[in-house]
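Student: This is the structure, below, for whatever I ask next.
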Amino acid sequence: MPSQTSEPGGPPPACPACGEAVPDGASFCPDCGADLDGAAGPAYCADCGAAFDDDDRFCSNCGASRSGGESAASERSSGRSKRSDDRSTSRSTSSPDESERAFRRRVQDHLDAGWDIEQDAGDRVILVDRGIGSVGVHVLLFLFTSGIGNLLYGWWHYSKLAERRRLVRGDETRARLPSSVESGGTVETVSAYLLSGLLLLIGGWIAFLSFESGTPPVALVGLAFALLGAGAAPAVRRRLGRRHGLTDFGRQRTVDHRVVRPPESVDESCVVCGEAFERGLVRRRRDETVVAGVPVRTHAIRHNHYCADCARSELFGDRVGAPSLDEVTGEAGEATDSRFADEGSETDAADEDTTVDAADGDATDAAATDSVREATDSTE
């Protein structure tokens, strides 16, 4: 539509660009080619979106000025673009202080804690934790639902309870265990004890029936169920995890090292420098009585905590071939443990011991460890 309309009997409309007269209904100036429709202003209100009539100077819905609509919209658009530019500028100027190696080590800490990589974009990593549920719950469900409950339980855990975590290079996201691991400890323990009790009950029932019917071979089956039930108990599994050789009997004193790294938290400070640390080493001394290599009584457990720097300097000194700082904090895997086994025992006499009683020792041994036995002294 033209930008200006002439009333009947009035002068013809003029071009707003060159001032020449233009015919009624023209969309372009025949003299200079100016767009006469664009000069008429916006067709819709920039504030409320209502349509303008041809002769409207203000919006009939909200009262906003028609001539100021484009300028207001352009101001808002420029403001949005400016804020976007400011955000992009701030992101570009705030370059991450974390090195690539430190970021990858933090990612590896999450992988060691049980996470899996779902997407890796270099300086951004998306982690996911998927599982199929507790083994003990699966066993119980199989006994009572013949596998149908296992399928539903596993599908629910894998698809609905999957947890995701986003790591960005330069952020302060610390490594932690997946929620399924943190919250599943109690369920796992209870289900393990229920499974142990059920197997013991089945084994005892089979043994009783075998003795009543006079069939000793069947009693062996009941004994096997009873042994499986005893081995499923968490307390028994912890002791089996600390077992010695089958030929070991009597009192045994052992020393081993355990690498400490996130997400495991350390409440004790370093025994050398007194500083708190996240990565380092724990030296553990155990005094136990064993039967066929299985600890049956724990007399004492002592721990020494070392930060990574002090672990290297105090345990290995400045000798040639001593493990590097990364090896002390566990990045070298099995090589670290073997080096500890060969060299670490020479500094046992210089340590300050922290003693915990036997009841606390069993709980301590339940943690995941990368350890190797250094020395074993047998006493009769």
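With positions in the sequence shown counted from 1, the corresponding number in the working numbering is that position plus 1123.
Note that beta-carbon positions come from the ideal geometry of N, C-alpha and C, so glycine has one too.
The structure presented is a predicted model; accordingly, all values stated were derived computationally and were not measured.
Starting from the C-beta of Asp-1246, find all residues in its chain whose C-beta is less than 6 Å away, skip the five residues before and the five after it, and write them out in chain order.
Tutor: Once the five neighbours on either side are set aside, the close Cβ partners of Asp-1246 are Arg-1292.
Student: Mark Ser-1269 as exposed unless 16 or more other C-beta atoms lie within 10 angstroms of its C-beta, in which case mark it buried.
Tutor: So Ser-1269 ends up on the exposed side.
Student: Please report the Cβ distance between Gly-1417 and Arg-1366, rounded to the nearest whole angstrom; I am assuming they are in contact, meaning their Cβ atoms lie under 8 Å.
Tutor: It should be pointed out that residue 1417 corresponds to Val in this sequence rather than to Gly. Right, the Cβ-Cβ distance comes to about 5 Å (below 8 Å), so this counts as a contact.
Student: Under the rule that 16 or more other beta-carbon atoms within 10 Å means buried, what is Ser-1501, buried or exposed?
Tutor: Confidence at Ser-1501 is low in this model, with a pLDDT of 38, below 50, so its placement is unreliable and no value can be given for it.
Student: Between Ser-1314, Val-1394, Arg-1420, which lies nearest to Asn-1427 when the distance is taken from Cα to Cα?
Tutor: The candidate whose alpha carbon is nearest that of Asn-1427 is Val-1394.
Student: What do you reckon, are the CB atoms on Asp-1243 and Ala-1285 nearer than 8 Å?
Tutor: Against a cut-off of 8 Å, the Cβ pair of Ala-1285 and Asp-1243 comes out as no contact.
Student: Identify whether Pro-1136 lies in helix, strand or coil by the three-state DSSP scheme.
Tutor: Pro-1136: coil per DSSP, three-state reduction.
Student: Should Val-1344 and Ala-1353 be called a contact, given that it needs their Cβ atoms to be closer than 8 Å?
Tutor: For Val-1344 and Ala-1353, no; Cβs fall outside 8 Å.
Student: Is Pro-1339 helix, strand or coil by DSSP?
Tutor: The answer is helix: DSSP assigns Pro-1339 an H, G or I state.
Student: Would you tell me roughly how many angstroms separate the C-alpha atoms of Ala-1349 and Gly-1373, rounded to the nearest one?
Tutor: Roughly 26 Å between the two C-alpha positions.
Student: Count the other CB atoms, across all protein chains shown, that sit within 10 Å of the CB of Leu-1266; report buried if there are 16 or more and exposed otherwise.
Tutor: Exposed is the call here.
Student: So, for Cys-1433: in the same chain, excluding its five sequence neighbours on each side, which residues have a beta-carbon less than 6 Å away from its beta-carbon?
Tutor: The residues are Cys-1393, Val-1395, Cys-1396.
Student: Who are the Cβ neighbours of Ala-1137 in its own chain at under 8 Å, not counting the five residues just before and after it?
Tutor: Around Ala-1137: Gln-1127, Glu-1143, Ala-1144, Val-1145.
Student: Alpha carbon to alpha carbon, what distance is there between Tyr-1316 and Arg-1425?
Tutor: Distance between the alpha carbons of Arg-1425 and Tyr-1316 is about 29 Å.
Student: Using DSSP with H/G/I as helix, E/B as strand and the rest coil, what is Thr-1370?
Tutor: If DSSP states are grouped into helix, strand and coil, Thr-1370 belongs with coil.
Student: Just confirm the distance between the C-beta atoms of Leu-1351 and Leu-1332, as a whole number of angstroms; I'd bet it's less than 8 Å.
Tutor: Wrong, their Cβ atoms sit about 18 Å apart, outside the cutoff.
Student: Once the 5 residues before and after Ser-1215 are set aside, which same chain residues still bring their CB inside 6 Å of it?
Tutor: Annotation note: pLDDT 39 at Ser-1215 (below 50); position unreliable, coordinate value reported separately. Nothing listed; no residue qualifies.
Student: Looking only at C-alpha atoms, which of Cys-1185, Ser-1319, Ala-1355 sits nearest to Ala-1169?
Tutor: Minimum Cα distance to Ala-1169 is reached at Cys-1185.
Student: Considering only their Cβ atoms, is the gap separating Ala-1347 from Phe-1334 smaller than 8 Å?
Tutor: Taking 8 Å as the Cβ cut-off, Phe-1334 and Ala-1347 do not qualify as a contacting pair.
Student: Looking only at its chain, what residues have a beta carbon closer than 7 Å to the beta carbon of Val-1419, apart from the 5 residues adjacent to it on each side?
Tutor: Cβ neighbours of Val-1419 beyond the five flanking positions: Thr-1412, Val-1413.
Student: Kindly indicate which three-state DSSP category Pro-1357 falls into: helix, strand or coil?
Tutor: Here Pro-1357 sits in helix by DSSP.
Student: Would you decide whether Cys-1155 is buried or exposed? Buried here means 16 or more other CB atoms lie within 10 Å of its CB.
Tutor: Looking at its Cβ environment, which holds fewer than 16 other Cβ atoms inside 10 Å, Cys-1155 is exposed.
Student: Identify the residues that DSSP records as bridge partners of Ala-1144: which are they?
Tutor: Ala-1144 pairs with Ala-1137.
Student: Write down the C-beta distance between Arg-1229 and Leu-1290 rounded to the nearest angstrom, noting that I regard them as a contact closer than 8 Å.
Tutor: About 7 Å separates the two Cβ atoms, so the contact holds.
Student: Thinking Gly-1256 and Leu-1318 are a contact (beta carbons under 8 Å), I'd like their distance in whole angstroms, please.
Tutor: With 8 Å as the limit, Gly-1256 and Leu-1318 do not qualify as a contact, their Cβ atoms being about 14 Å apart.
Student: Determine the burial state of Cys-1182: buried for a count of at least 16 other Cβ atoms within 10 Å of its Cβ, exposed for fewer.
Tutor: Buried, because 16 or more other Cβ atoms sit within 10 Å of the Cβ of Cys-1182.
Student: May I have a chain-ordered list of the beta strand (DSSP E) segments no shorter than 3 residues that lie completely inside the region 1257-1299?
Tutor: Listed in chain order, they are 1286-1291.
Student: Beta-carbon within less than 6 Å of Arg-1288's beta-carbon, same chain only, minus the 5 sequence neighbours each way: which residues are those?
Tutor: Only Leu-1250 meet the Cβ criterion.
Student: Could you please give the first and the last residue of the uninterrupted alpha helix (DSSP H) stretch that includes Ala-1225?
Tutor: That run of the alpha helix (DSSP H) goes 1223-1236.
Student: Cα separation between Glu-1295 and Ala-1225?
Tutor: Looking at the two C-alpha atoms, the distance is approximately 12 Å.
Student: Given a cut-off of 8 Å on the beta-carbon distance, is the pair Val-1378 and Leu-1404 in contact?
Tutor: Not closer than 8 Å, so no.
Student: Is the Cβ-Cβ distance between Leu-1369 and Ala-1415 less than 8 Å?
Tutor: Their beta carbons are under 8 Å apart, which means Leu-1369 touches Ala-1415 by this criterion.
Student: CA-CA distance, Cys-1141 and Ala-1149?
Tutor: Going from the Cα of Cys-1141 to the Cα of Ala-1149 covers about 15 Å.
Student: Check whether the Cβ atoms of Asp-1410 and Arg-1376 sit closer than 8 Å, and answer yes or no.
Tutor: Result yes, Cβ atoms of Asp-1410 and Arg-1376 sit closer than 8 Å.
Student: Of all the beta strand (DSSP E) runs that stay within the bounds of the region 1360-1428, which reach a length of 3 or more residues?
Tutor: As far as the region 1360-1428 is concerned, its whole beta strand (DSSP E) runs of at least 3 residues are 1373-1383, 1403-1414.
Student: Which residue or residues does DSSP assign as beta-bridge partners of Phe-1181?
Tutor: Per DSSP, Ser-1188.
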